[in-house]
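Working notes for the structure below.
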Amino acid sequence: MGIVWFGLLFLLLSQVTLEQIEPLSSASEREALLQLRASLGLRSKEWPRKPDPCLIWEGIACQNGRVVKINISGFRRTRLGRRNPQFAVDALANLTLLQTFNASNFLLPGPIPDWFGLRLPSLRVLDLRSCSIVSAIPSTLGNLTNLTSLYLSDNKLTGTVPDSLGQLLALSVLDLSGNSLSGFIPTSFAFLANLSSLDMSENFLSGPIPPGIGTLSRLQYLNLSSNDLTSLPSQLGGLTSLVDLDLSENSFSGGLPPAWNGFRNLRRMVLAKSMLNGPLPRNLFTASLQLQSLVLRQNNFTGSLPVELWSLPSLTLVDVSANNFSSLLPNSSSAANATVLVLNISHNRFYGGLSPLLRRFGFVDLSNNYFEGKVLDFMHNVSLNSNCLQNVTNQRTPVECASFYAARGLSFDNFGQPNTTKPPVTDNSGKSNKIKIILAAVLGGVGLIALLVLLLVLLLLCARKRGNSSHRGNGVGPAPAGASPPNPAVSTNFPNVGDSFTYHQLLQATGDFNDANLIKHGHTGDFFYGVLESGIPIVIKRIDTRSTKKEAYLSELDFFNKASHQRFVPLLGHCLENENEKFLVYKHMPNGDLSNCLYYKNTTSDDGSLQSLDWITRLKIATGAAEALSYLHHECVPPIVHRDIQASSILLDDKYEVRLGSLSEACIQEGDTHQSKITRFLRLPQSSEQGTSGSSTSVCAYDVFCFGKVLLELVTGKLGISASSDSEVKEWFDQILPCISMYDKELVTKIVDPSMVVDEDFLEEVWAIAIVARSCLNPKPSRRPPMRYILKALENPLKVVREENSSSARLRATSSRGSWNATLFGSWRQSSSDVAATPAAASGPKLEGTSSLKLSETTGSQSQGSFHNGGGDVSSSRRRHSKEIFPEPSVSHEVERLDLE
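Numbered according to mature numbering (1 follows the signal peptide of the UniProt record, and there is no 0), the sequence shown spans residues -18 to -1, 1 to 883.
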């Protein structure tokens, strides 16, 4: 009998083994796999051509002779495939029984095709993480009703999340994190009853969290961090299966809902940097018996920590730093079961004596509170700075501590001295104080006079020095002021500018500089496309020193030698061995420059029509260019002026990341910034708006003006604005600028690029960027915003138009973070004109007949305090002095909370 059972078992195992290695029976599917192998450029190492795919191809799984699974995660392309990677997977449409497609960490630049949701009915798992996918999520994915797992994280997806995803009733895992998705979270997600994991973190989602999310009883993992969500529904308390909750770095208003008492299985709660306020609900932790990690840092919570928190047996991390909690620590008996390993309650208002409860913690940060008394003997891994403790360094002053305790009607031990409830009273020796005040006034006056005399002497010396020498052509990069340009007659040594190529290598790479490889004729040289022997695509600039200034290539090499930033086009090396020709070798940018990339041929259609860049990509390009200029203007010492900002100077890599080029004209800003401010203050003839050498392009304000033209080009789609002549610029401005108004959003629709699809969600951003562009085009250079403010505006475009046009509690709560906006555009808002002029003096010759932006010359002053107390105070912003030269933006609200008391 045993032998019979053994034989049956052996026969069964043999059948299973034979079924697993059954060869591919469908000729059409074999052909589809070969097409996929070719279109993706897969190597023979993983997918050899001749053997049967089901038997030997890596990542292929078959059932009954049909392909059911494809996994190319992390595969490497062939050398040819790496040159032009695309989302070319059309052959998948013939694999009708395919259940799993995993291409994570495999480069697939391009959009997800619409047919994915129409011709793969059996698909259950779609994994496209980190594939460099662009464009929007196709709504047709909602037809994949068998889908259980959808991973689209860490790509470049834009647009809104389609409502149709709510039709995926079998879906268990949905991961859309790490993209640029915007709009609201679809309410249709409430129908995803089988969902166990939802991750939409690191996007630009806004609005409230749909209450229906709280009905997903199987949801265990919820991550909506790093968005711009505005409210927390009380229904989330119904997520009884939730294990991990992360809602950090959002813009919530109000406090935690009292109904959040149903988290029976919650182990991790992260609500950091989410603008939450008020006390914590007393019943929040009564049911959370499994909670291990609680992170509430950098909010505005008040009151005390619920005593129930300290009794949770599994707790290992508590971080409630940078809030406004104010209470005593519980004694050890009330937290007998506490097992916390790390406790951070710094930057709050905790007070009283140190509790023996702290004995149970492995690491404790109590800094920036008001604890008093003595330090306990057992306390070792503890940070105690800025408290009111005895025999400890770096503590608050007795006056500060006494004031804190007196305000609460408590006594303070005054560092071991007799108790007091009031701060020390200043000695009333009036005569002594008067003498001190008189002496201080006299000495201060003498010192001020001496300082003014010294400044005047320095001004005269600087003016004389400038009269004898020209600053134009100074060395570039963050070098000491006054550095001399490299001498072309001297052998140049640049250790940070890449490899030294031979002339033969460059001839081989460009096919003897064949005209077919000519990209364009630049004003400093000709640009050729080439490929190195290693397969790396490059661009070579050939400089004829007989027709171009010999110093040009040396200045550019000197720039790259001293300046380093990811937003500059990478310089791979140089070839200086020929006497009359010099060569600079750059990394090739697959998407060319903005002037030829704003519109591109639509490869998905047969008519060869042009397709324009979407708004998200345009805003990304503008922000990248601003980062590069902000580095030159504000991080280089002395500041560097690019002097050639236009669409053709903004190069784009395969991910549309900006790499700024045309750096041969870069030079140190004329004059000294501090000296210029002093001359303005003393009303001396030499002002920052006039320049110092007669040049109109060697100041940072000129770059700002040119950048404003680039922004107009991105908004309107009108190619050539940034490279136009003076007369052409006047015509552009006369057409465009009257349609840019701070107070009328609809006007901007008249100039928006008609080929760019802009829904209502993005129209406000387009409006905001148009306003930023107009501010850059202010005819007075001193009134143009610095690049660091422009960069901040591009990173937060909605704050540009919402700061004064909204009275919501959320914006009032964030006014301290957004007050840079009122500072930046305060003078713009005073304008009574809708037309700006081209730059004067430091920005180039003023155009005849161009109307100027009229700025009111009010004489009243206005402090920034009004913006801290209410972002919607329009009247106060309009009273701002029109001659203010943009001050530093206000410290962020989050940082301000760290500096308590």
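Glycine included, C-beta positions come from ideal geometry on N, C-alpha and C.
Bear in mind that the values here come from a model prediction, so they are computed numbers and not experimental data.
Beta-carbon contacts of C721 that lie in its chain and below 7 Å, excluding the five residues immediately before and after: L729, V730, K732 and I733
Endpoints, beta strand (DSSP E) assigned at R48: R48 to N53
With the cut-off set at 9 Å, would you say V711 and I632 are in Cβ contact? no
CB-CB length for L147 against L123, believed under 8 Å: 7 Å
The region 36 to 46 contacting the region 62 to 78, beta-carbon criterion three pairs below 8 Å: no
Considering I386, what are the terminal residues of the alpha helix (DSSP H) in which it resides? Note on identity: in this sequence residue 386 is Phe, with Ile being the wrong assignment. P380 to A389 is the span of the alpha helix (DSSP H), which, as asked, contains F386.
Inspect the beta-carbon positions of F345 and L311 and report whether they are closer than 9 Å. no
Return the chain-ordered list of same chain residues with a C-beta closer than 6 Å to the C-beta of L645, the five sequence neighbours on each side being excluded. Excluding sequence neighbours, L645 sits near E538 and F541.
Contact set for L77: own chain, Cβ-Cβ below 7 Å, skip 5 residues either direction: E11, A14 and V49
Quick check on this structure: which residue in N176, K569, Q487 and L595 has the alpha carbon closest to the alpha carbon of L201? N176
Mind the definition here: the region 606 to 621 touches the region 508 to 516 only if three or more C-beta pairs lie below 8 Å; say whether that holds. no
Pick helix, strand or coil for Y684, following the three-state DSSP scheme. helix
Three-state secondary structure assigned by DSSP to F332: coil
Note down the Cα distance separating L134 from Q272, rounded to an integer number of angstroms. Roughly 31 Å between the two C-alpha positions.
Please classify R770 as buried or exposed, where buried requires at least 16 other C-beta atoms within 10 Å of its C-beta. buried
Thinking P239 and S216 are a contact (beta carbons under 8 Å), I'd like their distance in whole angstroms, please. 4 Å
Quick one, which of K602, D34, Q68 and R250 has its alpha-carbon nearest G47's? Closest by alpha carbon: D34.
Could you name the residues that DSSP lists as bridge partners for P519? V513
State the start and end residues of the unbroken beta strand (DSSP E) segment that holds D34. Note, D34: premise wrong, no beta strand (DSSP E); not H, not E.
Suppose you measure from the CA of H556 to the CA of S704; what does that come to, to the nearest Å? 30 Å
Going by beta carbon distance, what residues of the same chain come within less than 7 Å of K572, once the five residues before and after it are set aside? The sequence given here places Pro at residue 572; Lys does not occur at that position. Same-chain partners within the cutoff: D635 and D636.
My output table needs one value for A607: the three-state DSSP class, helix, strand or coil. helix
For R524, the three-state DSSP class (helix, strand or coil): strand
Tell me, to the nearest whole angstrom, how far the beta carbon of S233 is from that of L211; I am working on the premise that it is less than 8 Å. 7 Å
For the beta strand (DSSP E) holding E647, just list the boundary residues, first then last. No beta strand (DSSP E) contains E647, which DSSP labels as neither H nor E.
Measure the C-alpha to C-alpha separation of I627 and L576 and round it to an integer number of angstroms. 11 Å
State yes or no: is the C-beta of T284 within less than 9 Å of the C-beta of G260? yes
Counted within 10 angstroms of its Cβ, other Cβ atoms place N373 as buried (16 or more) or exposed: exposed
Same chain, Cβ closer than 8 Å to A491, neighbours up to 5 away in sequence not counted: G512, V513, L514, E515, I520 and I522
Under the DSSP definition of a beta bridge, which residues are partnered with Q17? For Q17, which the question treats as bridged, DSSP gives no partner whatsoever.
Is the region 18 to 25 in contact with the region 67 to 77, if contact means three or more CB pairs nearer than 8 Å? yes
Assuming contact is defined by CB atoms lying nearer than 9 Å, are P144 and I115 in contact in what I supplied? In this structure, I115 does not lie closer than 9 Å to P144 by Cβ.
Residue span of the beta strand (DSSP E) that contains Q45, given as start and end: Segment I42 to Q45, the beta strand (DSSP E) holding Q45.
Once DSSP output is grouped into helix, strand and coil, what is the label at F171? helix
So, with DSSP's three-state summary, where would you put K774? K774: helix per DSSP, three-state reduction.
Between which two residues does the alpha helix (DSSP H) carrying residue 886 extend? Since the first residue of the chain shown is -18 and the last is 883, residue 886 is not available in this structure.
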